[in-house]
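Asker: Top line first, the protein sequences correspond to chains A and B. Just so we're aligned, residue 237 is where the first sequence starts under this note's numbering, counting upward by one. Just so we're aligned, residue 71 is where the second sequence starts under this note's numbering, counting upward by one. This structure is in structure tokens; I'll ask about it shortly.
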Amino acid sequence: MSLKDIISPFNAWKRAFEKPDTIVKPLSERDGADLYRGFHTNDIEKCIGCGSCEEICQNASIDLVDVASIQAKSGDSGLRPLIDYGRCCWCALCVDICPTGSLKMSNDYTWVTDDSDAFRFIPGVDKKKWDNSEKGYKSFKEAWLVNPNREHASEKAPDIRKHDFDEYAEGFSDEQALVEAGRCLECGICIQACPTHMDIPKYISAIRKGNLEEGLRIMYETNPMLEACGRICTAKCEDVCAVGHNGKPIAIRSLKRYIGDKTFRKKDEIMDLKPVQQTGKKVGIIGGGPAGLTAAFYLRRLGHAVTIYEQHDKLGGMLKWGIPDYRLPADVLQREIDFIIRQGIDVKYNVKIGKDISFDQLHKDNDAVFIGVGAQIGSDMPIRGMDTEGVYSGVEFLEKVSKGEKPFVGKYAVVVGGGNTSIDAARSSIRLGANAKILYRRTEQEMPANREEIREAKEEGADLMILSTPTKIEKLPSGGLKIECLKMELGEPDSSGRRRPVPKEGSEFYIEADVCIMAVGQKVEPEFSESIGLKVTKWGTFEVHSDTLRSNDKVFAGGDCQTGPDDAIRAVAAGKTAAYFIDKQFKG
Amino acid sequence: MKEMIDRIKQKFNAKDINQQKATLVFFTVEKKDLEGCVLYMKEFEGYGNLTMITAIDWIEKNQFQLTYHLHNYTNRTDVSIRTYIEREKPSMVSIHNLWAGARVFQREIKELFGIDFPGCPRVNDNFVLEGWDNIPPMRRDFDTKKYSEETYFPRPGRYKKDNVQFMEENLYPVEAEVKKSIADTVKKK
Numbered sequence: 237m238s239l240k241d242i243i244s245p246f247n248a249w250k251r252a253f254e255k256p257d258t259i260v261k262p263l264s265e266r267d268g269a270d271l272y273r274g275f276h277t278n279d280i281e282k283c284i285g286c287g288s289c290e291e292i293c294q295n296a297s298i299d300l301v302d303v304a305s306i307q308a309k310s311g312d313s314g315l316r317p318l319i320d321y322g323r324c325c326w327c328a329l330c331v332d333i334c335p336t337g338s339l340k341m342s343n344d345y346t347w348v349t350d351d352s353d354a355f356r357f358i359p360g361v362d363k364k365k366w367d368n369s370e371k372g373y374k375s376f377k378e379a380w381l382v383n384p385n386r387e388h389a390s391e392k393a394p395d396i397r398k399h400d401f402d403e404y405a406e407g408f409s410d411e412q413a414l415v416e417a418g419r420c421l422e423c424g425i426c427i428q429a430c431p432t433h434m435d436i437p438k439y440i441s442a443i444r445k446g447n448l449e450e451g452l453r454i455m456y457e458t459n460p461m462l463e464a465c466g467r468i469c470t471a472k473c474e475d476v477c478a479v480g481h482n483g484k485p486i487a488i489r490s491l492k493r494y495i496g497d498k499t500f501r502k503k504d505e506i507m508d509l510k511p512v513q514q515t516g517k518k519v520g521i522i523g524g525g526p527a528g529l530t531a532a533f534y535l536r537r538l539g540h541a542v543t544i545y546e547q548h549d550k551l552g553g554m555l556k557w558g559i560p561d562y563r564l565p566a567d568v569l570q571r572e573i574d575f576i577i578r579q580g581i582d583v584k585y586n587v588k589i590g591k592d593i594s595f596d597q598l599h600k601d602n603d604a605v606f607i608g609v610g611a612q613i614g615s616d617m618p619i620r621g622m623d624t625e626g627v628y629s630g631v632e633f634l635e636k637v638s639k640g641e642k643p644f645v646g647k648y649a650v651v652v653g654g655g656n657t658s659i660d661a662a663r664s665s666i667r668l669g670a671n672a673k674i675l676y677r678r679t680e681q682e683m684p685a686n687r688e689e690i691r692e693a694k695e696e697g698a699d700l701m702i703l704s705t706p707t708k709i710e711k712l713p714s715g716g717l718k719i720e721c722l723k724m725e726l727g728e729p730d731s732s733g734r735r736r737p738v739p740k741e742g743s744e745f746y747i748e749a750d751v752c753i754m755a756v757g758q759k760v761e762p763e764f765s766e767s768i769g770l771k772v773t774k775w776g777t778f779e780v781h782s783d784t785l786r787s788n789d790k791v792f793a794g795g796d797c798q799t800g801p802d803d804a805i806r807a808v809a810a811g812k813t814a815a816y817f818i819d820k821q822f823k824g
Numbered sequence: 071m072k073e074m075i076d077r078i079k080q081k082f083n084a085k086d087i088n089q090q091k092a093t094l095v096f097f098t099v100e101k102k103d104l105e106g107c108v109l110y111m112k113e114f115e116g117y118g119n120l121t122m123i124t125a126i127d128w129i130e131k132n133q134f135q136l137t138y139h140l141h142n143y144t145n146r147t148d149v150s151i152r153t154y155i156e157r158e159k160p161s162m163v164s165i166h167n168l169w170a171g172a173r174v175f176q177r178e179i180k181e182l183f184g185i186d187f188p189g190c191p192r193v194n195d196n197f198v199l200e201g202w203d204n205i206p207p208m209r210r211d212f213d214t215k216k217y218s219e220e221t222y223f224p225r226p227g228r229y230k231k232d233n234v235q236f237m238e239e240n241l242y243p244v245e246a247e248v249k250k251s252i253a254d255t256v257k258k259k
């Protein structure tokens, strides 16, 4: 043994008076590292209860539960995640999948209690001391498991597409559809936002599995106008998409179109709809638009005999006459309608109820009647010169375009209004060779038209004149129109929540144009609604029970003629609802 | 570093060379060259320390990737040597004779990925999973969620709600009834 070995134990004594490195009991603070994955925090205002955290948790430690203080609403299920810390392994997959970014982790990990049930709680709802912790693990761009970028189908350049009425947007390629479907979290938040509550996650999942036939069958369960909707739907589902909170929402509409485009040739074979037992009941449907066609399809599937009375020589309603071919090609719409009619539906074309057949007769001949006549008449503006030659209503103009009549637009067309009809009219006039100017009394932000439509119209050269309204229209000796206008300002918000436009004193100006297209709203044909003796609201729409769409004994009404001008998918939902309640009434 | 890369390219036909930073390079060699390559790195290039061995399950390619991370204490550089082996009955030459510490890594990989290292002492002993009765858990075809659902019982009183159904019940009960009933009219019988 060397001397060193004997002395070295005493060497330690030199530290006897230093501050110890060990921590004195009882422990007070022992912070985790800044990025430590500790107890979760959840911003319950931001959380939408989509359940992605529950779905991804590999230890089944998360349950979505209801919370008394939170109500379900559009885009928010009202449920919130409850975490069982007896199972949680702190892997943070739930944080990395969270589409809203509400779920995070604090760096707090020390908590001692005798009550093991206390380790099951709802972060954010059950208050904890770490709720406002800045430290801990938060997801970041590279770790986020959601793909925020949306696939874009190719479309023709504005300079090319503005010269014809051909469809300009192509559908997704197989690769694009797979990538886009792969972005979907299948949380189902979108289902509520769809008026007909399509099973969106299910058909997207079908794309992912490569089973488009299954996808088609799922869509027909809720919507027999899916090909049309795949092109022109207002896609309210995309507005609430969970991925849309921090990225671009899933292109649900394009995925719907993709399934339709890939399966339409074999639709009869795929759907394989066997004839059902006949009930002997007869239903008359007035109007062959999306509401009437949907009602007809499902009533037929319920075994009732259906006759559609259509005032035009073609079915489709506003989808046919109100939406230009470049958005919804006539052959796409026709093949979809043909499939519905093939189920054994009788159609009487060129028949106007009240003129060719009386409503009473129809009422007598059928066990139930569904009215889906839409809102076909363009509203007037209360200004002088509305009856001047060269002033059209938006719907009248679009119907002419759809019939291929090429209405006169001259060199300068002025379109008044900010809805989709106005944009369609402007883009159609551009395609007929005019320069189009859109007059709208509020600002672009308040325009009811789809953002996408507005953008595309501008790309095609439509000139947007906001905060302007016409006050008088006169014919010029040259043959053109002189449109006197006023500038507007935005005042206080009105009942719709949009700021009310107020005329600006002394701001009169005028523009010259060859035609003026008034797309300032539509209404139900008053002669029709008055002639059939049903209750109408002050807006001239049919007054029916809000759930069942029933008006009286055996008459039901739905679609635009009940809601006022709205989108196709709402009409489809109304047709479906009417079919159900008509059938229910028959069964007693 | 550059000269070293040239040498291993020549000697071991190293591919996929990514120099991540001045002091770290990744490269791939064939399975048969791996042992020779790490021996060479240890004896001639000064990479005396085996930092760790890791594995990745490339189930799509039906392969496992093994990565040998080595450190050179003299010039403070690292090399990471990748090699790919078959996923069916996976087996790799053991390097416990070069680094005794390799036993631990190899035993861990044997347990978590099921890759065998014949000849390695105690390679079949439990590492962290005592009494494991399933496929190795780090394999991608191991269903973690299914396993935890089957293995760990739920606490009494536990319940969960489906968000779609909850929204149906609270926001559109009538329309949900319509939807369910109408859907049946087109369902395949």
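Ideal Cβ positions, reconstructed from N, Cα and C, are used throughout, including at glycine.
Taking only beta-carbon atoms, is B/Leu182 less than 9 Å away from chain A?
Answerer: In terms of beta-carbon proximity, B/Leu182 stays away from the interface with chain A, with every pair separated by 9 Å or more.
Asker: Using a Cβ-Cβ cut-off of less than 7 Å, list which residues of the stretch 786 to 819 of chain A approach chain B; keep chain order.
Answerer: Lys812, Thr813, Ala815, Tyr816
Asker: For the beta strand (DSSP E) containing A/Cys324, name the first residue and the last one.
Answerer: No beta strand (DSSP E) holds A/Cys324; DSSP gives it neither H nor E.
Asker: Is DSSP giving A/Leu564 helix, strand or coil here?
Answerer: coil
Asker: Could you tell me the alpha carbon to alpha carbon distance between A/Ala308 and A/Cys426, rounded to whole angstroms?
Answerer: 13 Å
Asker: Can you name the residues of chain B whose CB is closer than 7 Å to the CB of A/Val476?
Answerer: Near A/Val476 there are no residues of chain B at all, since even the closest Cβ is about 11 Å away, more than 7 Å.
Asker: What are the uninterrupted segments assigned as alpha helix (DSSP H) that are 4 or more residues long and contained completely in the stretch 131 to 196 of chain B, given in chain order?
Answerer: 172 to 183
Asker: Please classify B/Met111 as buried or exposed, where buried requires at least 16 neighbouring CB atoms within 10 angstroms.
Answerer: Buried, because 16 or more other Cβ atoms sit within 10 Å of the Cβ of B/Met111.
Asker: If contact means a Cβ-Cβ distance below 9 Å, which residues of the stretch 416 to 432 of chain A contact chain B?
Answerer: Hits within the stretch, in order: Cys423, Gly424, Ile425, Ile427, Gln428, Pro431, Thr432.
Asker: Distance, Cα to Cα, A/Pro739 vs A/Cys721?
Answerer: Cα to Cα, A/Pro739 sits roughly 10 Å from A/Cys721.
Asker: I need the straight-line Cα distance from A/Arg663 to A/Ser732, nearest angstrom please.
Answerer: 27 Å
Asker: With A/Gly528 as the anchor, note down where its alpha helix (DSSP H) starts and where it stops.
Answerer: Residues 526 to 537.
Asker: I'd like the span of the beta strand (DSSP E) that includes B/Phe223, first residue to last.
Answerer: No beta strand (DSSP E) contains B/Phe223, which DSSP labels as neither H nor E.
Asker: Excluding the five sequence neighbours on either side, which residues of its own chain have a C-beta within less than 6 Å of the C-beta of B/Pro206, listed in chain order?
Answerer: Leu182, Phe183, Gly184
Asker: Could you list the residues in the stretch 207 to 227 of chain B with a C-beta less than 7 Å from some C-beta on chain A, going in chain order?
Answerer: Thr214, Lys215, Ser218, Glu219, Tyr222, Arg225
Asker: State yes or no: is the beta carbon of B/Phe39 nearer than 9 Å to at least one beta carbon in chain A?
Answerer: Since the first residue of chain B shown is 71 and the last is 259, residue 39 of chain B is not available in this structure.
Asker: So, helix, strand or coil for A/Arg266, using DSSP?
Answerer: coil
Asker: Check whether the stretch 546 to 561 of chain A and the stretch 478 to 497 of chain A touch, using three or more Cβ-Cβ pairs below 8 Å as the test.
Answerer: Flag = no, the stretch 546 to 561 of chain A and the stretch 478 to 497 of chain A do not touch.
Asker: In chain order, what residues of the stretch 86 to 107 of chain B put their CB closer than 7 Å to some CB of chain A?
Answerer: none
Asker: Checking 9 Å against the spacing of the C-beta atoms, do A/Gly446 and A/Pro437 come in under that value?
Answerer: no
Asker: If you measure beta-carbon to beta-carbon, which residues of the stretch 254 to 287 of chain A are closer than 7 Å to chain B?
Answerer: Gly285, Cys286, Gly287
Asker: Would you mind working out which of B/Pro188, B/Asp186, B/Lys180 sits nearest B/Leu199, comparing C-alpha positions?
Answerer: For the set B/Pro188, B/Asp186, B/Lys180, the Cα lying nearest the Cα of B/Leu199 is the one of B/Lys180.
Asker: Please confirm if B/Asp127 has its CB atom under 9 Å from at least one CB of chain A.
Answerer: Interface flag for B/Asp127 against chain A is unset, since no Cβ pair is found closer than 9 Å.
Asker: Please list the partners that A/Met622 has in chain B, where partner means a Cβ-to-Cβ separation under 8 Å.
Answerer: The premise fails here: A/Met622 is roughly 40 Å from chain B at the closest Cβ pair, so nothing lies under 8 Å.
Asker: Near A/Ala328, which residues of its chain fall below 7 Å by C-beta distance, leaving aside the five closest residues on each side in sequence?
Answerer: Arg273, Met341, Tyr373
Asker: Can you check DSSP and say which residues form a bridge with A/Gly795?
Answerer: Answer by DSSP bridge pairing: none, since A/Gly795 is not bridged.
Asker: Would you grab the beta carbon distance between A/Ala814 and A/Gly794 for me? Rounded to a whole angstrom, and I think it's under 8 Å.
Answerer: 5 Å
Asker: Please state whether DSSP places B/Thr255 in a helix, a strand or coil.
Answerer: coil
Asker: Threshold first: 3 residues or longer. Then list the beta strand (DSSP E) segments lying entirely within the stretch 412 to 467 of chain A, N to C.
Answerer: none
Asker: Does the beta carbon of B/Asn204 come closer than 9 Å to any beta carbon on chain A?
Answerer: no
Asker: Any idea if B/Tyr229 is buried or exposed, counting beta-carbon neighbours within 10 angstroms, 16 or more meaning buried?
Answerer: Looking at its Cβ environment, which holds fewer than 16 other Cβ atoms inside 10 Å, B/Tyr229 is exposed.
Asker: Would A/Ala308 pass as an interface residue toward chain B - the criterion being a Cβ-Cβ separation below 9 Å?
Answerer: yes
Asker: Do you know whose CA, among A/Lys812, A/Val348, A/Tyr456, lies nearest A/Phe575's CA?
Answerer: A/Tyr456
Asker: Alpha carbons only, please: which of A/Thr499, A/Pro706, A/Trp775 is nearest the one belonging to A/Ser743?
Answerer: A/Pro706
Asker: I want to see whether chain A comes within less than 9 Å of B/Glu130, judged by CB atoms only; does it?
Answerer: no
Asker: Compare the C-beta of A/Met237 with all C-beta atoms of chain B and state if any pair is closer than 9 Å.
Answerer: no
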